[in-house]
Amino acid sequence: MFDFFDYMPIQASTWADRVDWMNNWITDVSTICTVAITAVMLYFAIRYRAGKHSAPSSKADHNLNLEIVWTVIPSIVCVYCFYIGFDVYKEMRTPPANATEIGVTGFKWGWNFTYENGKTSSKELVVPVGEPIKLVMKSSDVLHSFFIPSMRVKEDLRGDRYSYLWFTPTITSDEQPGGVFPIFCAEYCGVNHSGMRAGLKVVSRAEYNDFIQERGAIELSPLELGAKLYNEKACITCHSLDGSKVVGPTFKGLYGANREFTEGEPAVADENYLRTSILNAGKQIVSGYQNVMPAFEGQLNDKEIDALIAFIKAQKP
Amino acid sequence: MGTTADGKKLNYLNWEKGLWSWWMTIDHKRLGLMYLASILIFFFLGGAAALAILMELFTPEADTLVFGDDAQTLTPQQLDTEAKSNYNTAFTLHGVIMIFLFIVPGIPATLGNFLLPLMVGAKDVAFPKLNRHSFWVYTLGSFIALLAVFQGIDTGWTFYAPYSIQENGYGVILMTFAAFILGFSSIMTGVNFLVTIHKMRAPGLTWDKLPLFVWSMYATSILQVVATPIVGITLLLLIAENIFGIGVFDPAVGGDPVLFEHLFWFYSHPVVYIMILPAMGIVSEIIPVFSRKPIFGYTSIVFASVGIAAIALLVWGHHMFVAGMSNMARYIFSFLTFFVAVPTAIKVFNWICTMYKGSIHWDTPMLYAMSFVFLFMIAGTTGIHLATLATDAHYHDTYFVVAHFHYTIQGGAVIGLVAGLHYWFPKMFGKMYNQPVAKLGWLILFIGFNGTFLPQFILGMEGMPRRYASYPEEFTDLHQLSTKFAMFNGLGYALVFGNLFVSIFTGKKCDANPWRALTLEWKADSPPIHENFENIPRVDEGFYGYDKEVEEEETVKGGATHGA
Ligand SMILES: [Cu+2]
Ligand SMILES: [Cu+2]
Chain A
1 MFDFFDYMPI QASTWADRVD WMNNWITDVS TICTVAITAV MLYFAIRYRA GKHSAPSSKA
61 DHNLNLEIVW TVIPSIVCVY CFYIGFDVYK EMRTPPANAT EIGVTGFKWG WNFTYENGKT
121 SSKELVVPVG EPIKLVMKSS DVLHSFFIPS MRVKEDLRGD RYSYLWFTPT ITSDEQPGGV
181 FPIFCAEYCG VNHSGMRAGL KVVSRAEYND FIQERGAIEL SPLELGAKLY NEKACITCHS
241 LDGSKVVGPT FKGLYGANRE FTEGEPAVAD ENYLRTSILN AGKQIVSGYQ NVMPAFEGQL
301 NDKEIDALIA FIKAQKP
Chain B
1001 MGTTADGKKL NYLNWEKGLW SWWMTIDHKR LGLMYLASIL IFFFLGGAAA LAILMELFTP
1061 EADTLVFGDD AQTLTPQQLD TEAKSNYNTA FTLHGVIMIF LFIVPGIPAT LGNFLLPLMV
1121 GAKDVAFPKL NRHSFWVYTL GSFIALLAVF QGIDTGWTFY APYSIQENGY GVILMTFAAF
1181 ILGFSSIMTG VNFLVTIHKM RAPGLTWDKL PLFVWSMYAT SILQVVATPI VGITLLLLIA
1241 ENIFGIGVFD PAVGGDPVLF EHLFWFYSHP VVYIMILPAM GIVSEIIPVF SRKPIFGYTS
1301 IVFASVGIAA IALLVWGHHM FVAGMSNMAR YIFSFLTFFV AVPTAIKVFN WICTMYKGSI
1361 HWDTPMLYAM SFVFLFMIAG TTGIHLATLA TDAHYHDTYF VVAHFHYTIQ GGAVIGLVAG
1421 LHYWFPKMFG KMYNQPVAKL GWLILFIGFN GTFLPQFILG MEGMPRRYAS YPEEFTDLHQ
1481 LSTKFAMFNG LGYALVFGNL FVSIFTGKKC DANPWRALTL EWKADSPPIH ENFENIPRVD
1541 EGFYGYDKEV EEEETVKGGA THGA
């Protein structure tokens, strides 16, 4: 209608225009009602101000017809709003059978995306344009929420069962600043909740195929891969390389050092210790720290774990 | 009644002296004032936390909330972590204090306590000692709550599992324990009010004459009694999980985190109406008095209050549209939620029609009542965006929600409380506050409030998530706008409450009924005597016959104007 307050982000999914249309419709009707009623109220306040208009000139204390009108009209508007919202939302909750499925794991504080052929990524979710995408999502620790403003979708990730959402991107993300649409975690999940962001990269089918088959990718050395994973899997948010304590202990000089735990015997940080710590940090809690590290069990393959261990070993004291 | 040694008339403020006499009092008026003092202290504490939040949000990076001498020695990463974790504690502190210690007791415990017996023409509430216990229990609960939050809980006021359990286990049990104790206080107040309204009405005061503020307290009390026990159940389950390791909420031990959300909102949604219904009651009292007209649609306002209370118990799921409920549950909760809007709209129309052809006095309470109507319309209509499923998928957990509930709770409940304080202040203290200062305070508050929260609607539309210590750069301008206006908002409150406080001591004496209102509390002295009335009044007619009263006065005095 008038689109008084249309600040919605770029429309990049099949239903984004319909969501915005109803959003603007509701905003317009709300604005008109609020302005009109406030105007009437102010008019009364001025027109009938005491002094200018000393005695009340109406005694009406009810009017059945009027009251019926102002009960029925808002009811109709409400049922209509429910209906339009329901109509589009039903579609949002009904993924088509031919949708490309991508797994999403949320952890403190990052995302892990697993494509149909087992390929994974973390900082960017890559999807083909014009095709339905279904995200099958689970959290490996606390609640998170997957929010893509440009697609107008959001759904929480829980630790006890899978949740899903789907969308069909209508445009590629080329024109977007940074080349990706923002993804946010929308459910509070601890210290670095506001750092739990990623990008949605929408590309052509051909580019998507190249991406998941890693065509054109350079083979990384274990150390390089470890450094990449240290960034992508968000180890960086909790473990520093410069010796400073952040949420977790620093990696500097960790390899070969003596570790003390809140419970049980001390141990030396060898390869096996590092491996268990990465996969299941909760097993032994390092003294002076809290049990907040997500378990990476099932999210890293052997090659990646070895790479991370190599990377940690390289952080000499 | 008696007089003091120096010949002043005795009233509830001076008939007994000493702090101990206040602590041990069973006088509903003194209890009301003590509640008022306590919740206002918490209001300023919560407000300080709000300012800390907004300071941090002035820049996109998390870098402001770092204290202590060693701030310089921190690495950038340590600084970031430190600022973020302080930010998270600050918004938890803000939410917990504002919700559980300030606005839930809010109007019922303060103005409700003070006025309800007076308005029904009784000497006190039905169970005066229970009323005192309720205050004591509130004091205890507040201490435990402060203990819990100052341990550094960083869960937000919603305590969602499993985060709360995994990282703040004992803190959260302590906090739920505090909520449980505070809940007892509200149940005691609720029961007390219900019995008072049923059993203690003055002769002739039939249900259809009950003032609308009393009706709103009635609806609120029902909600307090029905919804609050859920907190106790949640506490037991949290203890079972944390201490006995029985899986209830934490998936790591086989629990269901969404169950926690259900329990939480089954209590916390009705709580929104515990906050807002009394404010609507206050506005329904003020508008007829200052328009010198009968309230329009008395019966429909009564039914709307009770209707809102009933529907309020059925719509908690609208906080969980994207939390993982079944699709069918989402559809049903959305449908039901829309029916809260209808009674709310009815009330707005009734208030406006009350003003039609009235004789409107622009005194401070009326300014607040009118701004309440405006702010509450914004709160209500943005609720439609959130009840509509497809738009809520975008708005859930963004700044749109933050703005919406601040319009509801600050623009609604707090403005309602402030309106009520300005209306009944002369009754409470027998003095009038400085009206020009009060009006200036109102103006600053009104501008500051809208300036703070209107930009947040836009932030929400653009996709800014809530509870973010750092944010993408494109949101900076709007956050800065919001922070700047928040200073005015704070200044407004300082002026408004400062003025009221100073006026307790320096205000001009005024007579028992400066607004020429007809409800029974105005028939008592100002300040009222300990037992409220020397003789229990008889009620022959309803309280909203302002037109008649004005006509009479007109013939006697020939057109009196209102002292303002
Ligand atoms: Cu998060
Ligand atoms: Cu609610």
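Line by line, the protein sequences are chains A and B.
Sequential numbering of the first sequence, starting at 1, is according to my numbering.
Sequential numbering of the second sequence, starting at 1001, is according to my numbering.
The beta carbon of each residue, even a glycine, is placed where N, CA and C say it ideally should be.
What you are looking at is a predicted structure, and each value in this text was computed from that prediction instead of being measured.
Residue 263 of chain A is classed as exposed because its beta carbon has fewer than 16 other beta carbons within 10 Å across all chains shown.
Annotation: residue 1068 of chain B to residue 1082 of chain B spans about 11 Å, alpha carbon to alpha carbon. At least 9 Å separates the CB of residue 293 of chain A from every CB of chain B. In the structure shown, residue 190 of chain A falls within a coil segment according to DSSP collapsed to helix, strand and coil. Here the alpha carbons of residue 100 of chain A and residue 1411 of chain B stand approximately 46 Å from one another. A check of alpha carbon separations from residue 1054 of chain B across B:1258, B:1488 and B:1114 identifies B:1488 as the nearest. In this chain, the beta strand (DSSP E) harbouring residue 166 of chain A covers 163 to 167.
Each of B:1135, B:1357, B:1519 and B:1261 was checked against the Cα of residue 1024 of chain B, and the nearest Cα belongs to B:1135. Of all residues, those with a beta-carbon under 6 Å from at least one heavy atom of ligand 1 are A:144, A:185, A:187, A:188, A:189, A:193 and A:196, reported in chain order. Secondary structure of residue 144 of chain A (DSSP, three-state): strand.
Flagged as an interface residue toward chain B: residue 42 of chain A, by a C-beta distance shorter than 9 Å.
Between residue 1196 of chain B and residue 1306 of chain B, the beta carbon gap of about 17 Å keeps them out of contact (Cβ cut-off 8 Å). If you draw a 10 Å sphere on the C-beta of residue 1207 of chain B, you find fewer than 16 other C-beta atoms in it, and that means exposed.
Interface residue (Cβ-Cβ distance to chain B less than 9 Å): residue 182 of chain A is classified as such. Per DSSP, residue 1215 of chain B is one residue of the alpha helix (DSSP H) stretching across 1212 to 1227. Counting along the chain, the unbroken alpha helix (DSSP H) around residue 304 of chain A starts and ends at 302 to 314.
Put simply, the backbone Cα of residue 1533 of chain B is about 16 Å away from that of residue 1126 of chain B. Judged by DSSP secondary structure, residue 17 of chain A falls within the alpha helix (DSSP H) whose first and last residues are 16 to 47. Of all alpha-carbon atoms in B:1101, B:1094 and B:1012, the one lying nearest the alpha-carbon of residue 1039 of chain B is that of B:1101. Below the 7 Å Cβ cutoff, chain B contributes 1297 and 1300 as neighbours of residue 67 of chain A, in chain order. Between the stretch 1091 to 1105 of chain B and the stretch 258 to 275 of chain A there are fewer than three inter-stretch CB-CB distances shorter than 8 Å, so the stretches are not counted as touching. Across the set A:67, A:229, A:244 and A:249, the C-alpha of A:229 shows the shortest separation from the C-alpha of residue 309 of chain A. In this structure residue 301 of chain A is exposed. Its beta-carbon is surrounded by fewer than 16 other beta-carbon atoms within 10 angstroms. In the DSSP annotation of this structure, the continuous segment of the beta strand (DSSP E) that includes residue 102 of chain A starts and ends at 100 to 107.
Counting the other Cβ atoms within 10 Å of the Cβ of residue 36 of chain A gives fewer than 16, which makes it exposed. 1458, 1461, 1462, 1463, 1465, 1467, 1468, 1469, 1470, 1471 and 1472: these are the residues of the stretch 1450 to 1474 of chain B whose beta carbon lies less than 7 Å from some beta carbon of chain A, given in chain order. By the neighbour-count definition (other C-beta atoms within 10 Å, threshold 16), residue 1181 of chain B is a buried residue. When the Cα atoms are used, residue 1303 of chain B and residue 235 of chain A turn out to be separated by approximately 57 Å. For residue 37 of chain A, the chain B residues whose C-beta falls within less than 7 Å of its own C-beta are 1348, 1352 and 1377, listed in chain order. Closest in C-alpha terms to residue 131 of chain A, from the list A:315, A:93 and A:202, comes A:202.
Contact annotation, residue 181 of chain A with residue 39 of chain A: C-beta distance approximately 40 Å; criterion of less than 8 Å not satisfied.
If only uninterrupted alpha helix (DSSP H) runs of at least 4 residues are considered, those enclosed by the stretch 1449 to 1523 of chain B are 1476 to 1506.
In this structure residue 1141 of chain B is in contact with residue 1178 of chain B, their Cβ atoms being roughly 5 Å apart against a cut-off of 8 Å.
Three or more beta-carbon pairs drawn from the stretch 1420 to 1429 of chain B and the stretch 1521 to 1530 of chain B are found closer than 8 Å, and the two stretches are therefore classed as touching.
The shortest C-alpha to C-alpha distance from residue 280 of chain A to any of A:134, A:242, A:299 and A:29 is the one to A:299.
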